[in-house]
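Q:
2 protein chains.
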Amino acid sequence: MRIALLLTGDELMSGDTVDSNSAYIAQSLKDLGMTPRIKKVVGDDLELLTDSITELSSASDVLIVNGGLGPTVDDLTALALSKATGSNLTRNEAAMAHLSAWAEPRGFVVTESNLKQADLPEICEIVDNPVGSAVGFRCVWQNCMIICTPGVPNEFKKMVEGQVLPLIKSHAGIKETIKITRLRLFGITESGLQDIVNEKFPDWPKEIELGFRVQMPVIEVKLTSRGGQFDYLNDHWTEKFSNLFSDYVIGANGTRLTQALNKALAKSNKKIVTAESCTGGSIASGIVSEAGSSHVFDGAFVVYSNAMKQSVLDVPSSIIDEYGAVSEQVVLAMAKGALEKSDADMAISISGIAGPEGGTPEKPVGTVWMAWGEKDSLKARRFFLPMPRLAFQRTAASIAMDLVRRELLKLSTDIDYFSELKRKPKHIS
Amino acid sequence: MRIALLLTGDELMSGDTVDSNSAYIAQSLKDLGMTPRIKKVVGDDLELLTDSITELSSASDVLIVNGGLGPTVDDLTALALSKATGSNLTRNEAAMAHLSAWAEPRGFVVTESNLKQADLPEICEIVDNPVGSAVGFRCVWQNCMIICTPGVPNEFKKMVEGQVLPLIKSHAGIKETIKITRLRLFGITESGLQDIVNEKFPDWPKEIELGFRVQMPVIEVKLTSRGGQFDYLNDHWTEKFSNLFSDYVIGANGTRLTQALNKALAKSNKKIVTAESCTGGSIASGIVSEAGSSHVFDGAFVVYSNAMKQSVLDVPSSIIDEYGAVSEQVVLAMAKGALEKSDADMAISISGIAGPEGGTPEKPVGTVWMAWGEKDSLKARRFFLPMPRLAFQRTAASIAMDLVRRELLKLSTDIDYFSELKRKPKHIS
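So the sequences go chain by chain: W and H.
Numbered according to this note's numbering, the first sequence terminates at residue 429, and the numbering increases by one at each position without gaps.
Numbered according to this note's numbering, the second sequence terminates at residue 429, and the numbering increases by one at each position without gaps.
(1) For a quick check, are the C-beta atoms of residue 179 of chain H and residue 225 of chain H less than 7 Å apart?
(2) By the criterion of Cβ-Cβ separation under 8 Å, what are the contact partners of residue 157 of chain H in chain W?
(3) Report the neighbours of residue 316 of chain W on chain H: residues whose CB is nearer than 8 Å to its CB, in chain order.
(4) Does residue 305 of chain W come out as helix, strand or coil in the three-state DSSP assignment?
(5) In angstroms, rounded to a whole number, what distance separates the CA positions of residue 430 of chain W and residue 411 of chain W?
(6) Starting from the beta carbon of residue 36 of chain H, find every residue of chain W whose beta carbon is closer than 8 Å, and list them in chain order.
(7) Could you pull out every unbroken alpha helix (DSSP H) segment of at least 4 residues lying fully inside the stretch 206 to 230 of chain H, listed in chain order?
(8) Three-state secondary structure (DSSP) at residue 257 of chain W?
(9) Roughly how many angstroms lie between the CA atoms of residue 352 of chain H and residue 310 of chain W, to the nearest whole one?
(10) Out of H:300, H:405, H:83, which one is the CA nearest neighbour of residue 54 of chain H?
(11) Counting only beta-carbon atoms, is residue 308 of chain H nearer than 7 Å to chain W?
(12) At 3 residues or longer, and completely inside the stretch 32 to 89 of chain W: list those beta strand (DSSP E) runs for me, N to C.
(13) Name the DSSP bridge partner or partners of residue 91 of chain H?
(14) Kindly list the residues whose CB is nearer than 6 Å to the CB of residue 94 of chain W, restricted to its own chain and excluding five residues on each side of it in sequence; keep chain order.
(15) Grouping DSSP H, G and I as helix and E and B as strand, with all else coil, what is residue 425 of chain W?
(16) Give a yes or no on whether 7 Å exceeds the smallest Cβ distance from residue 150 of chain H to chain W.
(17) Evaluate the contact criterion for the stretch 322 to 341 of chain H versus the stretch 372 to 381 of chain H: three or more CB pairs, one atom per stretch, below 8 Å.
(18) Is the beta carbon of residue 80 of chain H less than 7 Å from the beta carbon of residue 50 of chain H?
(19) Alpha carbon to alpha carbon, how far is residue 416 of chain H from residue 385 of chain H?
(20) Please tell me whether residue 356 of chain W has its Cβ less than 7 Å away from any Cβ of chain H.
(21) Counting C-beta neighbours from all protein chains within 10 Å, is the total for residue 304 of chain W 16 or more, i.e. buried, or is it exposed?
(22) Just mark residue 347 of chain W as buried or exposed, buried being the case when its beta carbon has 16 or more other beta carbons within 10 Å.
(23) Indicate whether at least one CB of chain H lies closer than 7 Å to the CB of residue 303 of chain W.
(24) Is the number of C-beta pairs between the stretch 292 to 304 of chain W and the stretch 289 to 308 of chain H that are closer than 8 Å three or more?
(25) Judging by CA-CA distance, which residue of H:407, H:396, H:175 is the nearest neighbour of residue 374 of chain H?
(26) Please classify residue 430 of chain W as buried or exposed, where buried requires at least 16 other C-beta atoms within 10 Å of its C-beta.
(27) Apart from the five residues just before and just after residue 67 of chain H, which ones in its own chain have a Cβ nearer than 6 Å to its Cβ?
(28) Could you check what DSSP says for residue 7 of chain H in three-state terms: helix, strand or coil?
(29) What does the Cβ neighbour count give for residue 77 of chain W, buried or exposed, with the cut at 16 atoms within 10 Å?
(30) Using a Cβ-Cβ cut-off of less than 7 Å, give me the residues of the stretch 330 to 345 of chain W that come near chain H, in sequence order.
(31) With 7 Å set as the bound, which would you pick, yes or no: does the beta-carbon of residue 371 of chain H sit closer than that to a beta-carbon of chain W?
(32) Would the beta-carbon of residue 395 of chain H be found less than 6 Å away from any heavy atom of the ligand ADP?
(33) What is the DSSP secondary structure of residue 325 of chain W, counted as helix, strand or coil?
(34) Please report how far the alpha carbon of residue 423 of chain W lies from the alpha carbon of residue 163 of chain W, in whole angstroms.
(35) Which parts of the stretch 347 to 429 of chain H are runs of the beta strand (DSSP E), unbroken and 3 residues or longer, counting only runs that do not cross its ends?
(36) Over the uninterrupted alpha helix (DSSP H) stretch that includes residue 145 of chain H, give me the two end residues.
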């Protein structure tokens with residue numbers, strides 16, 4: 001299947017909008033085992049748009065046009081398709097009905113300029129838009145299926161899922177079912193994951209396609225099988241994969257690390273308090289970004305200055321003087337203090353050197369101590385995360401959340417996070 | 001000037017990488033008064049790449065090719081350009097010298113596959129790459145200037161600034177100087193800004209191009225003048241604009257809101273403490289995301305539960321019972337408590353209903369109270385930000401930071417933030 005994309009809009013050419021629609025359709029097509037062959041982007045220019053439709057459709061089996069469906073004069077897709085195919089624009093009854101049905105319950109009046117959205121090339125049928133005023137439309141011309149879709153990302157996504165993919169499957173004669181399992185992992189790099197898969201699963205079956213995609217700070221793993229007869233194999237290898245990487249799997253499709261942490265807390269019926277220095281409250285704000293966090297989160301103490309560590313969390317000045325603010329002793333005292341000053345069951349504390357200033361030969365920038373656990377079972381670990389300030393803060397906060405998640409689920413907290421960091425080889429790229 | 005972009009790379013077609021390079025070049029070209037006319041993206045496919053170079057160069061004055069300069073077999077740009085132009089690949093001495101000069105101090109050995117990066121079409125000259133191993137290269141073919149650039153974003157950006165833009169200016173015969181002034185504003189919408197400009201500056205001179213670009217949570221405003229003779233006019237209108245919007249201007253090119261806040265604190269020689277409920281520490285983590293924050297930030301109390309509001313910040317339970325946790329009285333007590341429990345000079349406190357649960361008819365989701373100021377001059381305000389949870393938290397935290405910035409700079413804190421929110425008209429889009 002030769003698939004082409006054609007995007008239109010001045011805002012795409014000027015760089016004012018970063019196009020996310022084409023990455024979305026490409027990822028969706030991947031699930032069908034397809035990749036777009038070519039993509040073209042043009043401004044709101046009738047001649048260029050018409051020529052591009054002619055050119056791309058003549059060398060493709062499917063052409064997806066995105067954008068230019070709105071009511072204004074710079075929305076030219078229907079007109080360009082009419083010119084390219086020589087099929088006259090006429091008022092499309094189904095499009096008209098959609099427009100009325102969409103506008104009425106919302107209290108809108110269908111204006112003359114809206115009516116333009118119902119004027120489509122005669123050879124076209126509409127493609128339903130469940131969430132917007134502009135319907136899509138499609139035709140087959142010179143053996144190429146041309147599908148015109150709206151530029152608004154959420155309308156485009158719904159149309160891709162509900163209409164465009166089924167149309168492409170049917171045009172390509174794909175009858176087989178496709179089963180996709182998605183898992184989300186934290187704490188391991190893409191290449192680390194690939195190395196372990198190669199080593200531990202030399203017999204990985206060719207019927208199960210394995211794909212990785214980094215979605216910071218997690219990695220999404222996708223197991224795809226085509227044709228219903230391999231669904232059992234997909235389940236079987238998903239289980240084997242999950243078992244091997246059980247430490248790293250935080251959940252299924254779309255799971256965020258903050259969600260996984262809050263879920264583990266809720267399941268254990270425990271509330272957490274954080275005591276943060278170098279992360280400045282980003283662990284807490286991560287937890288609170290999830291709805292329902294009041295059931296698992298009590299509060300946080302951001303003790304950035306040494307004076308606050310002492311006055312708010314009762315960290316003895318003697319241990320700050322003796323061991324320094326970035327030390328095992330201090331993070332343990334911070335966690336202890338946070339538990340005493342709140343009703344939380346668990347604490348996570350963190351103190352490190354985010355940089356760019358403040359490093360020493362013994363404690364360079366990137367050094368960070370964390371302590372976590374319940375009152376009588378606090379643990380501490382040191383990490384070294386030599387990264388720019390913001391990346392350091394995000395990575396440290398993510399590791400802290402994962403340590404608590406692991407502790408709650410009784411998984412090892414002694415794992416080698418992002419071991420890649422240490423062993424990345426030098427190479428010219 | 002007809003400018004075309006050609007991007008190459010399987011990772012762009014698969015959607016694994018979202019292309020940011022073309023938005024970058026488009027924004028840079030805008031400074032020259034130019035917009036790319038067409039953009040094409042293809043995978044690592046020699047024939048498609050060759051044909052695309054032929055097609056785009058024949059209909060353009062400038063063709064910028066991006067990607068495919070690396071040492072591996074799927075890096076095909078030089079070969080495709082050689083085929084398209086009929087100019088043989090030969091070892092380019094300047095490219096060779098760059099490669100050696102780049103590799104040696106880094107302790108790399110130039111391998112056979114690296115040498116490929118020095119094999120360029122005979123008609124090409126190199127384009128310097130100050131930060132990477134792969135040089136760019138360029139030629140003029142059939143009156144089109146073709147410039148091949150690396151796909152790695154930071155290498156591409158440096159090359160655009162240092163080499164590509166000057167080449168395009170010279171190819172286009174642009175001799176004039178261009179003066180660009182950039183300002184960053186917070187608290188006003190793009191359309192609100194445009195309305196006020198239209199009303200207050202009916203005499204805005206056509207020689208000064210005014211552009212807006214939303215870079216959440218701020219808006220970047222750009223004043224461009226071409227030809228040295230209008231530089232005085234640029235300065236003059238920048239001053240008029242700055243004066244009219246003085247409340248909203250947080251700084252010049254690239255200024256972040258967190259930076260503006262920290263700068264205002266440092267200038268006033270004051271330290272801040274935050275007392276946060278619904279934002280869960282995101283004001284604090286924003287402040288700490290900036291280097292040097294220890295000079296202006298003491299710490300934060302994230303008092304999410306009512307119990308913590310009482311036990312940590314001494315908020316009387318009676319006022320929580322009487323007025324509710326989201327009330328003027330409670331945020332004032334939170335700010336007062338935070339000042340008492342720290343050495344900070346100023347406090348910002350916040351309590352609101354982030355949703356999706358927890359709203360009531362009197363206090364719907366989106367209601368938020370903030371208090372700020374020094375011990376004897378605390379002020380409080382209520383806002384209504386009916387948005388999804390995350391947007392609510394981000395917007396509320398940003399407004400809180402801006403209130404403190406304004407207080408420190410003795411600007412009004414009684415402004416109508418994002419007044420657009422209230423008066424957005426209903427329309428079909």
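Glycine included, each C-beta is placed from N, C-alpha and C at the ideal position.
All of these numbers come straight from a predicted model, not from anything done at the bench.
A: In brief:
(1) As a position in the second sequence, residue 179 of chain H is number 179, starting the count at 1. As a position in the second sequence, residue 225 of chain H is number 225, starting the count at 1. A contact, by the Cβ cut-off of 7 Å.
(2) Within the second sequence, residue 157 of chain H is the residue found at index 157, counting from 1. Per Cβ cutoff of 8 Å: no residues; residue 157 of chain H is ~13 Å from chain W at best.
(3) In the first sequence, residue 316 of chain W corresponds to position 316, counting from 1. Correct list: empty, because the minimum Cβ distance to chain H is about 18 Å.
(4) The residue you call residue 305 of chain W lines up with position 305 of the first sequence. Three-state result, residue 305 of chain W: coil.
(5) Outside the displayed span of chain W (1 to 429) sits residue 430 of chain W, for which this structure offers no information.
(6) Taking the second sequence and counting its residues from 1, one reaches residue 36 of chain H at position 36. Residues of chain W passing the Cβ test: 13.
(7) none
(8) Here residue 257 of chain W refers to the residue found at position 257 of the first sequence. Looking at residue 257 of chain W - three-state DSSP - the assignment turns out to be helix.
(9) In the second sequence, the residue the question calls residue 352 of chain H occupies position 352. In the first sequence, the residue the question calls residue 310 of chain W occupies position 310. The alpha-carbon atoms of residue 352 of chain H and residue 310 of chain W are separated by roughly 30 Å.
(10) Taking the second sequence and counting its residues from 1, the one referred to as residue 54 of chain H is at position 54. The shortest Cα separation from residue 54 of chain H among H:300, H:405, H:83 belongs to H:83.
(11) As a first step, residue 308 of chain H must be located in the second sequence, where it is residue number 308. Answer yes: the Cβ-Cβ gap between residue 308 of chain H and chain W drops below 7 Å somewhere.
(12) 38 to 42, 62 to 66
(13) Your numbering for residue 91 of chain H matches position 91 in the second sequence. Per DSSP, H:119.
(14) For the purposes of this step, residue 94 of chain W is taken as the residue at position 94 of the first sequence. So the list reads 126, once near-sequence residues are dropped.
(15) Numbered from 1 along the first sequence, position 425 holds the residue referred to as residue 425 of chain W. Bear in mind that a pLDDT of 35 at residue 425 of chain W, under 50, signals an unreliable position, so the model cannot answer this.
(16) Position 150 of the second sequence, counting from 1, holds the residue named residue 150 of chain H. Not one chain W Cβ lies under 7 Å of residue 150 of chain H.
(17) yes
(18) For this step, residue 80 of chain H is matched to residue 80 along the second sequence. For this step, residue 50 of chain H is matched to residue 50 along the second sequence. Cβ distance < 7 Å, so residue 80 of chain H and residue 50 of chain H count as in contact.
(19) The residue given as residue 416 of chain H occupies position 416 in the second sequence. The residue given as residue 385 of chain H occupies position 385 in the second sequence. About 12 Å.
(20) What you label residue 356 of chain W is simply residue 356 of the first sequence in a count that begins at 1. Cβ-Cβ to chain H under 7 Å: yes for residue 356 of chain W.
(21) By 1-based counting over the first sequence, the position of residue 304 of chain W is 304. Buried: at least 16 other Cβ atoms inside 10 Å.
(22) For the purposes of this step, residue 347 of chain W is taken as residue 347 along the first sequence, with counting starting at 1. Classification of residue 347 of chain W: buried, given that the 10 Å Cβ count is 16 or more.
(23) Numbered from its first residue, the first sequence carries residue 303 of chain W at position 303. Yes, its Cβ sits closer than 7 Å to a Cβ of chain H.
(24) yes
(25) Looking up residue 374 of chain H in the second sequence gives position 374. Measuring from the Cα of residue 374 of chain H, the nearest candidate turns out to be H:407.
(26) This structure leaves residue 430 of chain W out entirely; chain W is present only between 1 and 429.
(27) Taking the second sequence and counting its residues from 1, the one referred to as residue 67 of chain H is at position 67. Excluding sequence neighbours, residue 67 of chain H sits near 7, 8, 9, 151.
(28) Working through the second sequence from its first residue, we reach residue 7 of chain H at position 7. DSSP places residue 7 of chain H in strand when its eight states are reduced to three.
(29) On the first sequence, residue 77 of chain W is found 77 positions in, with the first residue counted as 1. Buried.
(30) 341, 342, 343
(31) As a working note, residue 371 of chain H is residue 371 in the second sequence. By this cut-off, residue 371 of chain H is not an interface position.
(32) With respect to the ligand ADP, the structure offers nothing, as it holds no ligand at all.
(33) Position 325 of the first sequence holds residue 325 of chain W. Residue state, collapsed to three classes: coil.
(34) What you label residue 423 of chain W is simply residue 423 of the first sequence in a count that begins at 1. What you label residue 163 of chain W is simply residue 163 of the first sequence in a count that begins at 1. In this predicted model, residue 423 of chain W has a pLDDT of only 37, less than 50, meaning its place in the structure is not dependable; the value taken from the coordinates is given anyway. Straight-line Cα distance between these residues: approximately 46 Å.
(35) 367 to 374, 379 to 384
(36) Mapped onto the second sequence, residue 145 of chain H falls at position 145. Premise fails: residue 145 of chain H lies in the beta strand (DSSP E), 144 to 149, not in any alpha helix (DSSP H).
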